[in-house]
């Protein structure tokens, strides 16, 4: 699926195509602390100090990573936007969600 830019600074993506990496802010390590789908990422973040973490998304369809965001902002997106769309669609990951970024690396 191709990314579609919106005026709101978000990109429409199929949720099933997104995977998320959790990193410690300012980390110079090449490995993330966690890598998973949206649900597993939300569970991981719930158990950790959000102030020190950031989350980046990878679109598996086009193998591009997106600019990282603070973990608190990511969780806000998940609970207010992605989860609401999932609930409406009986938790099918074949839904399209607006992902909050305008930068694709």
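In our numbering, the protein residues as written are 453 to 557.
Note that the Cβ used here is the ideal one computed from N, Cα and C, for glycine as well.
CB-CB length for residue i against residue j, believed under 8 Å
i: residue 490; j: residue 467; result: 6 Å
i: residue 461; j: residue 552; result: 7 Å
CA nearest to the CA of residue i, picked from the options
i: residue 502; options: 487, 470, 475, 537; result: 475
i: residue 535; options: 486, 487, 495; result: 495
i: residue 533; options: 513, 549, 471; result: 549
i: residue 486; options: 523, 537, 515, 530; result: 523
i: residue 469; options: 530, 537, 512; result: 512
Cβ-based burial, residue i [other Cβ within 10 Å; buried from 16]
i: residue 463; result: buried
i: residue 492; result: exposed
i: residue 515; result: exposed
i: residue 472; result: buried
i: residue 465; result: buried
i: residue 459; result: Caution applies to residue 459, whose pLDDT of 36 falls short of 50 and renders its modelled position unreliable; the value that the coordinates give is listed next. Answer is exposed; the Cβ neighbour count stays below 16.
Strand pairing of residue i, partner residues [DSSP]
i: residue 474; result: 486, 507
i: residue 410; result: A query on residue 410 cannot be resolved here, the shown segment of the chain reaching from 453 to 557 and no further.
The region 495 to 508 touching the region 533 to 549, judged by at least three CB pairs closer than 8 Å: At 8 Å Cβ cutoff, the stretches do not touch.
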